Amino acid sequence: MHFVYILILVLLVIITTLYMGYTGYTYYNTPLEKRFYHPQYSWFKPSGIYGQGLGVLGTIMIVFGVAIYIARKRYGFLAKTIRLKYMLEFHIFLCTLGPILILFHTTFKFGGIVSIAFWSMVAVVLSGFIGRFIYIQIPRTIEGRALSLSEVKNMKVNLSNVLSDKFKLEKSFVDTIVGYSDNKKQKRTISLKKLLKDSDLPINERIVVLKIVRNEISLSRKIERLETMQRLFKYWHVVHLPFALILLIILCIHVGITVAFGYKWIF
Numbered sequence: 290m291h292f293v294y295i296l297i298l299v300l301l302v303i304i305t306t307l308y309m310g311y312t313g314y315t316y317y318n319t320p321l322e323k324r325f326y327h328p329q330y331s332w333f334k335p336s337g338i339y340g341q342g343l344g345v346l347g348t349i350m351i352v353f354g355v356a357i358y359i360a361r362k363r364y365g366f367l368a369k370t371i372r373l374k375y376m377l378e379f380h381i382f383l384c385t386l387g388p389i390l391i392l393f394h395t396t397f398k399f400g401g402i403v404s405i406a407f408w409s410m411v412a413v414v415l416s417g418f419i420g421r422f423i424y425i426q427i428p429r430t431i432e433g434r435a436l437s438l439s440e441v442k443n444m445k446v447n448l449s450n451v452l453s454d455k456f457k458l459e460k461s462f463v464d465t466i467v468g469y470s471d472n473k474k475q476k477r478t479i480s481l482k483k484l485l486k487d488s489d490l491p492i493n494e495r496i497v498v499l500k501i502v503r504n505e506i507s508l509s510r511k512i513e514r515l516e517t518m519q520r521l522f523k524y525w526h527v528v529h530l531p532f533a534l535i536l537l538i539i540l541c542i543h544v545g546i547t548v549a550f551g552y553k554w555i556f
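The numbering of the sequence shown is the numbering used here, which starts it at 290 and goes up by one.
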């Protein structure tokens with residue numbers, strides 16, 4: 290379901306981009322100094338009905354995409370209706386398609402403050418995709434809530450005590466099995482299977498022991514991954530948030546100047 294949802298959003302971005310590129314190809318492919326003479330200049334120019342409309346719609350997408358994601362993540366808005374991971378994908382969709390619309394709004398002309406806004410927008414979009422990659426690496430509950438480091442650590446058990454108390458195994462054999470649960474030692478569970486097979490344990494107990502060890506290995510890897518992702522998130526915010534703020538400030542300045550000069554689109 291999640292994959293289908295992502296696929297639909299990706300297709301919408303691709304189809305919209307291809308459509309805009311196709312409909313305005315002759316205009317965007319015309320040299321800047323000759324665009325004034327293009328038969329659809331008044332339509333595609335940044336202040337035209339179509340061109341300015343792309344800017345307005347793209348801006349609304351970005352602002353709404355940021356606002357609704359923050360509302361869902363920090364304040365629990367629609368928490369009972371939409372899982373956070375779906376809201377994240379929707380946020381990425383709006384904040385990817387929005388900048389694309391704004392790109393067509395500029396008719397690929399960059400200069401001055403627009404250039405700063407454009408490259409800030411590129412940095413925000415690219416860092417957003419990196420942030421999504423980091424996000425999906427974090428262990429989560431079935432509802433999509435990120436697990437804290439303490440929650441994951443609490444899932445672990447004292448493997449030595451479990452094996453000694455439940456299966457009455459000798460300490461040397463327990464220590465050997467515990468060694469296989471150490472994620473830093475790249476031992477394969479197939480070796481553990483062979484070790485258990487050569488022991489006197491009944492097959493049903495061997496299956497349980499193997500399952501417990503595999504679970505401990507999985508939890509150890511989750512803890513390592515979570516610690517790494519938490520460190521990466523600190524560095525990620527250093528890039529994503531400042532550029533997002535720069536983009537927002539320039540966007541407000543641009544809209545203010547546009548309105549001041551009387552370019553109010555259809556309003």
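The C-beta atom is built at its ideal place from N, Cα and C for all residues, glycine as well.
Quick caveat: nothing in here was measured; it's all calculated off a predicted structure.
What do you reckon, are the CB atoms on residue i and residue j nearer than 8 Å?
| i | j | result |
| --- | --- | --- |
| residue 326 | residue 396 | no |
| residue 483 | residue 495 | no |
| residue 329 | residue 394 | no |
| residue 351 | residue 361 | no |
| residue 321 | residue 398 | yes |
| residue 540 | residue 406 | yes |
| residue 501 | residue 451 | yes |
| residue 466 | residue 498 | yes |
| residue 490 | residue 456 | yes |
| residue 353 | residue 383 | yes |
| residue 389 | residue 312 | no |
Cα separation between residue i and residue j?
| i | j | result |
| --- | --- | --- |
| residue 290 | residue 449 | 40 Å |
| residue 523 | residue 468 | 33 Å |
| residue 391 | residue 304 | 16 Å |
| residue 506 | residue 335 | 57 Å |
| residue 314 | residue 345 | 21 Å |
| residue 355 | residue 378 | 12 Å |
| residue 416 | residue 381 | 11 Å |
| residue 527 | residue 461 | 49 Å |
| residue 420 | residue 319 | 37 Å |
| residue 547 | residue 554 | 10 Å |
| residue 425 | residue 531 | 22 Å |
| residue 364 | residue 529 | 21 Å |
| residue 551 | residue 542 | 14 Å |
| residue 513 | residue 357 | 31 Å |
| residue 475 | residue 518 | Any answer about residue 475 is weak, because its pLDDT of 47 lies below 50 and its placement is not dependable; what the coordinates show is given next. Answer to the nearest angstrom: the Cα atoms are 21 Å apart. |
| residue 549 | residue 422 | 41 Å |
| residue 386 | residue 453 | 58 Å |
| residue 347 | residue 510 | 41 Å |
| residue 302 | residue 503 | 41 Å |
| residue 463 | residue 366 | 49 Å |
| residue 373 | residue 481 | 38 Å |
| residue 544 | residue 310 | 24 Å |
| residue 308 | residue 516 | 43 Å |
| residue 300 | residue 292 | 12 Å |
| residue 458 | residue 375 | 47 Å |
If you follow the alpha helix (DSSP H) that residue i is in, where does it begin and where does it stop?
| i | result |
| --- | --- |
| residue 394 | 373 to 394 |
| residue 459 | Looking at the DSSP string, residue 459 is not in any alpha helix (DSSP H), and its letter there is neither H nor E. |
| residue 356 | 338 to 364 |
| residue 369 | Neither: residue 369 is in no alpha helix (DSSP H) and is coded neither H nor E. |
| residue 522 | 492 to 549 |
| residue 300 | 291 to 312 |
| residue 333 | 330 to 333 |
Under 8 Å, with one C-beta from each stretch per pair, do the segment 400 to 410 and the segment 529 to 538 reach the 3-pair mark? yes
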